[in-house]
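In the working numbering, the protein residues as written are 2 to 215.
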């Protein structure tokens, strides 16, 4: 494809995404106003995509099939102090820094006092270590998404996790994840173990697990 046509196609894709985001947000606002109190479910999973929702949770994402579609770059549609639990698995890394900060503040706002926020994110440290110590890195174990990896050199391990074919916007290690949660106002911020009842096992090797409270 000619580079000019490629740029046009890319621009059209951005417009389609933003229209989808607007539609999802409008639908989510209406559904929240009409149905949220009636649902009587106070556990929320954010950024669930097209995945099947977990038992006992409601879902929100920029996907119409979720319970409450919404563009999470603009926050959350739910009332303040209305949720007992928020869960986010491999979601936060998809937001640019400013949008990430806003989403975290919204999670804090919508949680009840002593409510719990449970987080799973990719561990960037693994891939940075792979650059400096490639002989100890098992890329078949840690680079499992073909669309994110074009392997030619050791820097591509870093490109894989930091860009993920354009999907990743912000990366974490243990230190900065806990720090950004504390800066948002969360308390009892700590790392946690993998929870087989909650977390996807295929992401266990590559992830950081954390939990905090309001």
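Even for Gly, the Cβ is constructed at its ideal location relative to N, Cα and C.
Inter-residue spacing [alpha-carbon to alpha-carbon] between residue i and residue j
| i | j | result |
| --- | --- | --- |
| residue 89 | residue 154 | 32 Å |
| residue 132 | residue 36 | 49 Å |
| residue 34 | residue 195 | 35 Å |
| residue 188 | residue 165 | 31 Å |
| residue 160 | residue 39 | 45 Å |
| residue 116 | residue 103 | 18 Å |
| residue 32 | residue 65 | 11 Å |
| residue 22 | residue 77 | 13 Å |
| residue 112 | residue 203 | 28 Å |
| residue 24 | residue 134 | 46 Å |
| residue 208 | residue 124 | 5 Å |
| residue 91 | residue 55 | 15 Å |
| residue 53 | residue 67 | 9 Å |
Contact check, residue i vs residue j, beta carbons under 8 Å
| i | j | result |
| --- | --- | --- |
| residue 122 | residue 93 | yes |
| residue 46 | residue 60 | yes |
| residue 170 | residue 96 | yes |
| residue 215 | residue 114 | yes |
| residue 138 | residue 158 | yes |
| residue 62 | residue 73 | yes |
| residue 182 | residue 190 | yes |
Residue i - DSSP class collapsed to helix/strand/coil
| i | result |
| --- | --- |
| residue 116 | strand |
| residue 109 | helix |
| residue 44 | strand |
| residue 136 | helix |
| residue 67 | coil |
| residue 89 | strand |
| residue 14 | helix |
| residue 189 | strand |
Spatially closest choice to residue i from the options, by CA coordinates
| i | options | result |
| --- | --- | --- |
| residue 75 | 212, 105, 54 and 84 | 105 |
| residue 1 | 87, 68 and 98 | With the chain covering 2 to 215 only, the question about residue 1 has no answer from this structure. |
| residue 163 | 4, 126, 58 and 63 | 126 |
| residue 184 | 101, 144, 116 and 202 | 101 |
| residue 110 | 83, 21, 69 and 13 | 83 |
| residue 71 | 19, 124 and 4 | 19 |
| residue 28 | 15, 69, 42 and 51 | 69 |
| residue 140 | 206, 190 and 179 | 206 |
| residue 98 | 16, 177 and 53 | 177 |
| residue 80 | 51, 128, 30 and 120 | 30 |
Cβ-based neighbour list, residue i, same chain, cut-off 8 Å, excluding 5 preceding and 5 following
| i | result |
| --- | --- |
| residue 197 | none |
| residue 57 | 42 and 44 |
Beta-carbon contacts of residue i that lie in its chain and below 6 Å, excluding the five residues immediately before and after
| i | result |
| --- | --- |
| residue 118 | 87, 108 and 213 |
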